[in-house]
Amino acid sequence: MSPPFEHWVAGIRHRTESALDRWLPASATAPARLHEAMRYAALGGGKRMRPLLCHAAGEALGADAQALDAAACALELIHAYSLVHDDLPCMDDDVLRRGRPTCHVEFDEATALLVGDALQTLAFQTLAESAVPSSERRLLMLALLAQASGSRGMAGGQAIDLAAVGTALTLEELEFMHIRKTGALIRAAVLLGAHCGAADDATLAALGHYANRAGLLFQVVDDILDAADSTITLGKTAGKDAARNKPTYVSMLGLARARELAAQLRTQAHAALTACPLQTGRLAALTDYIAERTF
């Protein structure tokens, strides 16, 4: 019998933390300060949403647990690097992340820049050396992660976000940005998990559609929390998007309509799962978790 959802989430978080601990160089290994900062940025916090989505999709296809661990770690290393770089003074200039000082505050800007670079490359090493049995499939997964992370994915979305400060975007332009900035890595999480289980094209298409809705849902909820919750609750600086005059779903639609949009995206994500020929209970539960999260 499968464990209850809350126990499963705790188990995947523990697995991911343990796997990251194994993959990250020890703090005492030279260059010690860089490795200490990498571990500071990647360990000991976070929702681990991308690993959870990866494992949920992979488990539905009977994927090997060690292969899923590697894919989940690769995703989380990319995510951790993006947060370190996002917090730098040249980007969002934030001083708090996950309830503690950001990497460049705890260490220094140059170290934080190198931390992001090193975490990114370690992500691809982790995936390249994973337990996925087919080398052809590993190459496909590496290409998928690279595209999701690069100029046509997360990095490109961040570039659009920076350029949009102080401007008025249309709803379509805002969605275009967030499909890349936030959604691309969430979509990659679902699809990497599916590839660990050798999903067919129809299943990949159905899961990809689900992940697009879930990724936008995550961003809309993030915008709502930034506008409505406190710094203590979030573990990061609340209200910073409004303070920097960044376009968000809340600034564009207002809080009530943003919540309505989140409800619509939640319904769409659940509907997409009905077209998937798998047992998708974990993905459905994660959809609800994303919609109802409070940090």
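Start counting the sequence shown at 491; every next residue gets the next number (my numbering). Note that CB positions come from ideal geometry on N, CA and C, so glycine has one too.
Give me the Cβ distance between G548 and C686, rounded to the nearest whole Å; I'm assuming they're in contact under 8 Å. 4 Å
Give the single residue among M539, G606, T601 whose Cα lies nearest to the Cα of D576. G606
Where R590 falls: helix, strand or coil (DSSP): strand
Measuring alpha carbon to alpha carbon, tell me which residue in L664, D554, M644 is nearest L573. M644
Buried/exposed call for L664, threshold 16 Cβ in 10 Å: buried
Separation of A531 from H569, as counted between CA atoms: 10 Å
A597 burial status per 10 Å Cβ neighbour count (16 or more: buried): Per the sequence shown, the amino acid found at residue 597 is Phe instead of Ala. So F597 ends up on the buried side.
How about T616 and A560: are their beta carbons less than 8 Å apart? yes
In terms of residue numbering, what span does the alpha helix (DSSP H) encompassing F614 cover? 599 to 618
Any chance the stretch 583 to 602 sits against the stretch 538 to 546, with 3 or more Cβ pairs inside 8 Å? no
Any contact of the stretch 736 to 744 with the stretch 654 to 668, i.e. 3+ C-beta pairs under 8 Å? yes
Could you tell me the alpha carbon to alpha carbon distance between A518 and S639, rounded to whole angstroms? 29 Å
Thinking just about the alpha-carbon of each residue, which of R783, L745, L682, D716 is nearest to the one in D554? L682
Alpha carbon to alpha carbon, how far is S508 from D690? Give it in angstroms, no decimals. 30 Å
Does the structure place the stretch 665 to 680 close enough to the stretch 742 to 749 that three or more beta carbon pairs sit under 8 Å? no
For L776, collect the residues of the same chain with a Cβ closer than 8 Å to its Cβ; drop the 5 residues on either side in sequence, then sort them by chain order. M539, L542, L543, A546, A704
From A748, L715, E619, P623, residue whose alpha carbon lies closest to that of W513: E619
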